[in-house]
Amino acid sequence: MTEQWYNECEQYNYDYPSFDLNTSHFTQVLWKDSKEVGFAYAEGDSMNFAVAMYYPPGNFNNDFENNVFP
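When you line the sequence shown up against the UniProt record's numbering, it's residues 1 to 70, in that order.
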(Lines of atoms letter the chains of each structure in order from A; the text may use other names.)
(Lines give C-alpha, C1' and ligand atoms only; values in the text may rest on other atoms or scores of the structure.)
Protein backbone atom coordinates (compact mmCIF):
# COMPACT_ATOMS: atom_id res chain seq x y z
CA MET A 1 0.00 0.00 0.00
CA THR A 2 2.73 2.49 0.90
CA GLU A 3 4.38 1.78 -2.46
CA GLN A 4 1.19 2.92 -4.20
CA TRP A 5 1.13 6.05 -2.08
CA TYR A 6 4.80 6.78 -2.79
CA ASN A 7 4.31 6.28 -6.53
CA GLU A 8 2.10 9.37 -6.52
CA CYS A 9 5.43 11.27 -6.55
CA GLU A 10 5.42 11.00 -10.34
CA GLN A 11 2.48 13.42 -10.39
CA TYR A 12 3.66 15.91 -7.73
CA ASN A 13 4.74 19.32 -9.03
CA TYR A 14 7.61 20.60 -6.88
CA ASP A 15 7.58 23.91 -8.80
CA TYR A 16 4.10 24.65 -7.41
CA PRO A 17 3.92 22.93 -4.02
CA SER A 18 0.29 22.62 -2.94
CA PHE A 19 -2.43 20.15 -2.05
CA ASP A 20 -3.64 17.84 -4.81
CA LEU A 21 -5.98 14.94 -4.16
CA ASN A 22 -3.95 12.84 -6.65
CA THR A 23 -0.75 13.22 -4.60
CA SER A 24 -2.07 13.63 -1.05
CA HIS A 25 -0.93 10.19 0.16
CA PHE A 26 2.59 10.84 -1.15
CA THR A 27 2.89 14.29 0.41
CA GLN A 28 1.63 13.08 3.79
CA VAL A 29 4.11 10.17 3.81
CA LEU A 30 6.95 12.67 3.27
CA TRP A 31 5.57 15.51 5.43
CA LYS A 32 8.60 16.67 7.43
CA ASP A 33 6.71 17.93 10.48
CA SER A 34 4.84 14.65 11.04
CA LYS A 35 6.84 12.83 13.72
CA GLU A 36 4.68 9.77 14.47
CA VAL A 37 2.73 7.38 12.26
CA GLY A 38 0.52 4.38 12.85
CA PHE A 39 -0.70 1.92 10.22
CA ALA A 40 -3.49 -0.64 10.27
CA TYR A 41 -4.60 -3.12 7.61
CA ALA A 42 -7.60 -5.42 7.58
CA GLU A 43 -8.91 -7.90 5.02
CA GLY A 44 -12.63 -8.45 4.61
CA ASP A 45 -14.68 -10.83 2.51
CA SER A 46 -15.17 -8.36 -0.33
CA MET A 47 -12.64 -5.59 0.34
CA ASN A 48 -9.49 -4.62 2.18
CA PHE A 49 -8.87 -1.56 4.35
CA ALA A 50 -5.67 0.36 4.98
CA VAL A 51 -5.47 3.28 7.39
CA ALA A 52 -2.59 5.57 8.27
CA MET A 53 -2.68 8.16 11.05
CA TYR A 54 0.00 10.83 11.35
CA TYR A 55 0.89 13.12 14.25
CA PRO A 56 0.94 15.92 13.83
CA PRO A 57 -1.05 15.61 10.60
CA GLY A 58 0.22 17.23 7.43
CA ASN A 59 -1.00 18.39 4.04
CA PHE A 60 -1.72 21.95 5.16
CA ASN A 61 -2.19 24.23 2.15
CA ASN A 62 0.36 26.91 2.91
CA ASP A 63 3.09 24.62 4.23
CA PHE A 64 3.98 22.24 1.38
CA GLU A 65 7.10 24.19 0.45
CA ASN A 66 8.48 23.67 3.97
CA ASN A 67 7.54 19.99 4.32
CA VAL A 68 7.78 18.17 0.96
CA PHE A 69 11.19 18.07 -0.71
CA PRO A 70 12.49 16.43 -3.91
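Note that CB positions come from ideal geometry on N, CA and C, so glycine has one too.
- Y6 carries a helical assignment under DSSP once its states are collapsed to helix, strand and coil.
- Q11 counts as exposed, since fewer than 16 other C-beta atoms from the protein chains shown sit within 10 angstroms of its C-beta.
- About 4 Å separates the Cβ atoms of Y55 and E36, confirming a contact at the 8 Å cut-off.
- For V68, the three-state secondary structure derived from DSSP is coil.
- The residues E8, Q11 and Y12, in chain order, have a CB closer than 6 Å to that of T23 in the same chain once the five nearest residues on each side in sequence are set aside.
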